[in-house]
Amino acid sequence: MNAVDAVRPADGRGDTLVTVDDLAVHFPITSGIVFRHKIGAVRAVDGLSFTVKRGETLGLVGESGCGKSTTGRAILQLIRPTTGRVLYEGADLAHLRGGALRRQRRRMQMIFQDPYASLNSRMTVADIVGEPLLVHRMLDRSGRRDRVRELLQTVGINPNTLNRYPHEFSGGQRQRIGIARALAVEPNFIVCDEPISALDVSIRAQIINLLQELQRDFGLTYLFIAHDLSVVRHISDRVAVMYLGRIVELAENAVLYGEPMHPYTQALLSAVPIPDPEAEEHRRAVVLQGDVPSPADPPPGCHFHTRCPAMQEGHCDLESPALKEVRPGHFAACHLINAGDYPRIRAGENDLAVVAGSPAEGGAVAAVSDVASEELEMGSSE
Amino acid sequence: MMLAGVYTPPAMGVTTSRLLDITDLSVEFASMEGTVHAVDHVSFAVAPGELVGLVGESGCGKSVTATAILGLTRMLANATVSGRIDFQDRDLLALPESEVRKVRGKEIAMIFQDPVTSLNPVLSIERLMTEGIELHLGLSHEDAVARAIDMLQKVGIPKAAERIKDYPHQFSGGMRQRVMIAIALSCNPKLLLADEPTTALDVTIQAQILRLMKQLSREYDAAVIVITHDLGVVAGMCRRILVMYAGRIVEEGPAKPLFHHPHHPYTVGLLKSVPRLDRPRSDELESIEGLPPDLSHLPPGCSFAPRCWLATDECWQTPPKLFVTGDGRRSACFHRDKLIDLAAAEVTA
Numbered sequence: 000m001n002a003v004d005a006v007r008p009a010d011g012r013g014d015t016l017v018t019v020d021d022l023a024v025h026f027p028i029t030s031g032i033v034f035r036h037k038i039g040a041v042r043a044v045d046g047l048s049f050t051v052k053r054g055e056t057l058g059l060v061g062e063s064g065c066g067k068s069t070t071g072r073a074i075l076q077l078i079r080p081t082t083g084r085v086l087y088e089g090a091d092l093a094h095l096r097g098g099a100l101r102r103q104r105r106r107m108q109m110i111f112q113d114p115y116a117s118l119n120s121r122m123t124v125a126d127i128v129g130e131p132l133l134v135h136r137m138l139d140r141s142g143r144r145d146r147v148r149e150l151l152q153t154v155g156i157n158p159n160t161l162n163r164y165p166h167e168f169s170g171g172q173r174q175r176i177g178i179a180r181a182l183a184v185e186p187n188f189i190v191c192d193e194p195i196s197a198l199d200v201s202i203r204a205q206i207i208n209l210l211q212e213l214q215r216d217f218g219l220t221y222l223f224i225a226h227d228l229s230v231v232r233h234i235s236d237r238v239a240v241m242y243l244g245r246i247v248e249l250a251e252n253a254v255l256y257g258e259p260m261h262p263y264t265q266a267l268l269s270a271v272p273i274p275d276p277e278a279e280e281h282r283r284a285v286v287l288q289g290d291v292p293s294p295a296d297p298p299p300g301c302h303f304h305t306r307c308p309a310m311q312e313g314h315c316d317l318e319s320p321a322l323k324e325v326r327p328g329h330f331a332a333c334h335l336i337n338a339g340d341y342p343r344i345r346a347g348e349n350d351l352a353v354v355a356g357s358p359a360e361g362g363a364v365a366a367v368s369d370v371a372s373e374e375l376e377m378g379s380s381e
Numbered sequence: 000m001m002l003a004g005v006y007t008p009p010a011m012g013v014t015t016s017r018l019l020d021i022t023d024l025s026v027e028f029a030s031m032e033g034t035v036h037a038v039d040h041v042s043f044a045v046a047p048g049e050l051v052g053l054v055g056e057s058g059c060g061k062s063v064t065a066t067a068i069l070g071l072t073r074m075l076a077n078a079t080v081s082g083r084i085d086f087q088d089r090d091l092l093a094l095p096e097s098e099v100r101k102v103r104g105k106e107i108a109m110i111f112q113d114p115v116t117s118l119n120p121v122l123s124i125e126r127l128m129t130e131g132i133e134l135h136l137g138l139s140h141e142d143a144v145a146r147a148i149d150m151l152q153k154v155g156i157p158k159a160a161e162r163i164k165d166y167p168h169q170f171s172g173g174m175r176q177r178v179m180i181a182i183a184l185s186c187n188p189k190l191l192l193a194d195e196p197t198t199a200l201d202v203t204i205q206a207q208i209l210r211l212m213k214q215l216s217r218e219y220d221a222a223v224i225v226i227t228h229d230l231g232v233v234a235g236m237c238r239r240i241l242v243m244y245a246g247r248i249v250e251e252g253p254a255k256p257l258f259h260h261p262h263h264p265y266t267v268g269l270l271k272s273v274p275r276l277d278r279p280r281s282d283e284l285e286s287i288e289g290l291p292p293d294l295s296h297l298p299p300g301c302s303f304a305p306r307c308w309l310a311t312d313e314c315w316q317t318p319p320k321l322f323v324t325g326d327g328r329r330s331a332c333f334h335r336d337k338l339i340d341l342a343a344a345e346v347t348a
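Protein sequence lines, in the order shown, are assigned to chains A and B. Using numbering that gives the first Met the number 0, the letters of the first sequence correspond one by one to residues 0 to 381. Using numbering that gives the first Met the number 0, the letters of the second sequence correspond one by one to residues 0 to 348.
Structure representation (structure tokens):
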């Protein structure tokens, strides 16, 4: 396969920058020491399809282990997808190799979560930010120096510090350096993988504002991966919610936060604490029982049925729901959503529904005992 | 340098009996870069059964305060501790280690942030749970196991009698945090220190754990100090809030008025910089510019002055003490009246 083969029309819609088509990433579980053989697979990402439009921010939210980071890495081909296609401006990245892939990577960059781990502590700031330029052979030595100064200025770091090492900077400043590195090769598309979770509260807002400013100035497209639903709402144009390797709901920001249809999205949004005691008194959180099942052994049918208060036996636990367009631009994967009608999950009413076991816990069936359930109910009714 | 002056108790009315009374606590660490003032003249009190939130960013001294309350700072060779920590009318800092041991784990228990690293992986849950029960309550092993199973059921561990034989790795993160809560409550503590109890957990699991902690603290009549950077966590759980910045308490007060009308510019900035699900989206977040100060080179005046929009010459020269600003409220700001006036204008508007 060469790059020429991969050039195809851009999905019919001119405004689509990235198309993810039935993407799956399975990590093998092996056994044996000398003769390793595969005994199973962790289905980290299990059949994702979505598009990212040019100039937008698509938020990707979900709890830990739901496969959101793996999705980001698989799009950039940092992890090779098991199956599926990733089209970037019509070119299928999954089949690109070597130089052809590297040339495409100039258009796509990544901002990592942990600014302490993602900067090489033995390199100076100038080397870190200038390295992508070197890899892509973009400028000569003095040109790189100038470009690095300019980039540092852009992200709010004093350009005179370019001979310093990462340990001389605070977490927020390091994240700025990581952002400058991502911007160095003038990409169109940036995958932001939890860019603010490792930062202090008062620093987070600075970095979010910087990312938004850069998007305006350079016309960037973001895939913004995060677990913090309030932050994703603030920054995203559209939002996709993931659960156990699959997208359960995808919609415009205001729609998803205003009228979430999938039971998981409803529960997730109601569980976010609000920094206001008054609002907290009136907030009715749907407290989901049990834990997220293991992606090595996902439950049959809908992945969420083991924790879903609205689960219908004989249907949800057998058939896997497809992600379908339930209203224009609003996608959801739930059997119980029909023609825009959907199950309303209310707190206190269903939240003590049967708890299913987590295979992560050695297969034990985790049913909350009656005693504990009653106590939990008391706790909620106050 | 005396900072807080004479400690004025919070005018709460009901807090006549105090469980914990911290007066002028300072913890300093000797380091290569100089003395690190981790906790700087901190005073506060906790009433029996009270839920208190201790809020601040990393390095503000909130965890070191908890370490000092547990009497663990005495284990640290480079730490210098001064002040008083009166727990049930005995100064823990003055007690010999043998006496503190009778308090630590029994009267004062701790829930740590990371349930993965804070449970010993080579010990079974039975061993982890009964160790404290046998030591502090003097029960036989059989009775201790029975009590442990009872506690595990209380925190919602299914099939507790079987699962007590398991090891920590056989539990998920949320379940491990439940085990930790069971261990902490197993000896009927009067005070529970919860250091970022839900930070390592997912949002749906966080909701479960917060609800459990609140309900159990009431059942066991235990006071809880919730230490966190997440304003949302304490808003739903705590009646009274303490805000720390650079080793000092900068604001204290009952949760509702404090969240609605903060009397310290740092609290104002902190609340504004967090996007909220219950508010309309804004184009830009109001961020606090700059960085927290280096604890080994604190500015001579107010440590928030370099980042504060209200700062004047006065703020750069002397550190403000905690002034009483209302019913049970204190603020360490020279310009607190400006914030109080702003709040009053907002109420009338």
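Each residue gets a CB set at the ideal place from its N, CA and C atoms; glycine is no exception.
Find the residues of chain B that neighbour R232(A), judging by a C-beta separation of less than 7 angstroms, and give them in chain order.
Simply P274, L276 and R280.
Using a beta-carbon distance below 9 angstroms, is L191(B) in contact with chain A?
no
For the region 182 to 203 of chain A, which residues have a CB atom closer than 8 angstroms to at least one CB atom of chain B, in sequence order?
D199, V200, S201, I202 and R203
Report, in whole angstroms, the separation of the C-beta atoms of R101(A) and A125(A), which I expect to be a contact under 8 angstroms.
That pair is no contact at about 22 angstroms.
Is S123(B) close to chain A, meaning its C-beta is less than 9 angstroms from at least one C-beta of that chain?
no
If I follow the unbroken alpha helix (DSSP H) through L257(B), where does it start and stop?
Residues A254 to H259.
Name the residues in the region 308 to 329 of chain B whose C-beta lies less than 8 angstroms from a C-beta of chain A; which are they?
none
At which residue ranges does the region 200 to 271 of chain A contain complete alpha helix (DSSP H) runs of 4 or more residues, listed in the order of the chain?
200 to 217, 228 to 234, 252 to 257 and 262 to 269
Chain A partners of T203(B), CB-CB under 7 angstroms?
E62, A266, L267, A270 and L287
What would DSSP say about A331(A), mapped onto helix, strand or coil?
strand
Which residue wins for smallest C-alpha separation from W315(B), given the options L321(B), C307(B) and F322(B)?
C307(B)
On the CB-based measure, 16 or more other CB atoms within 10 Å of its CB, does V128(A) come out buried or exposed?
buried
Helix, strand or coil: how does DSSP classify V17(A) here?
strand
Where does S357(A) sit, in a helix, a strand or coil, going by DSSP?
Because S357(A) carries a pLDDT of 34, less than 50, the predicted location of this residue cannot be relied on, and no value is offered for it.
Excluding sequence positions up to five away, which residues of its chain have a Cβ less than 6 angstroms from the Cβ of K67(A)?
Taken in chain order, the residues that qualify are L59, G61, I224 and M241.
On the three-state DSSP scale, how would you describe C307(A)?
coil
With 8 angstroms as the C-beta to C-beta threshold (strictly closer), list the residues of the region 67 to 100 of chain A near chain B in chain order.
Answer set for the region 67 to 100 of chain A: empty.
Can you tell me whether V51(A) is helix, strand or coil according to DSSP?
strand
Bridge partners of D45(A), per DSSP?
A23(A)
Just checking: is the beta-carbon of E291(A) within a distance shorter than 9 angstroms of some beta-carbon in chain B?
The residue asked about is misnamed: residue 291(A) is Val in this sequence, not Glu. Closer than 9 angstroms: yes.
Below 8 angstroms on the Cβ atoms is my contact criterion, and I expect F188(A) with L16(A) to pass it. Report the Cβ-Cβ distance as a whole number of Å.
6 angstroms
Is the Cβ-Cβ distance between I206(A) and I176(A) less than 9 angstroms?
no
By a C-beta neighbour count over all protein chains shown, 10 Å radius and 16 as the cutoff for buried, is M74(B) buried or exposed?
exposed
Using a Cβ-Cβ cut-off of less than 9 angstroms, list which residues of the region 242 to 260 of chain A approach chain B; keep chain order.
N252, A253 and Y256
Is A183(A) near L150(A), with beta carbons less than 9 angstroms apart?
yes
So is A284(A) in contact with chain B if we call contact Cβ pairs under 9 angstroms?
yes
Please classify H263(B): does DSSP put it in a helix, a strand, or coil?
coil
On the DSSP letters alone, give me the boundaries of the beta strand (DSSP E) that G58(A) sits inside.
For G58(A), the enclosing beta strand (DSSP E) covers residues T56 to V60.
Helix, strand or coil: which one does DSSP assign to F333(B)?
coil
Going by the beta-carbon positions, is the gap between R42(A) and P294(A) smaller than 9 angstroms?
yes
Would you call F34(A) buried or exposed, if buried means 16 or more other Cβ atoms sit within 10 Å of its Cβ?
That one is exposed.
Based on the DSSP secondary-structure assignment, which residues constitute the bridge partners of G45(B)?
Gly is not the amino acid found at residue 45(B); the sequence shown has Val there. Looking at the DSSP assignment, V45(B) forms a beta bridge with L19(B).
DSSP on S319(A), reduced to helix/strand/coil?
coil
Which chain A residues are close to V232(B), counting only those with a beta carbon under 8 angstroms from its beta carbon?
P272, listed in chain order.
Could you tell me whether the Cβ of M174(B) comes closer than 9 angstroms to any Cβ of chain A?
yes
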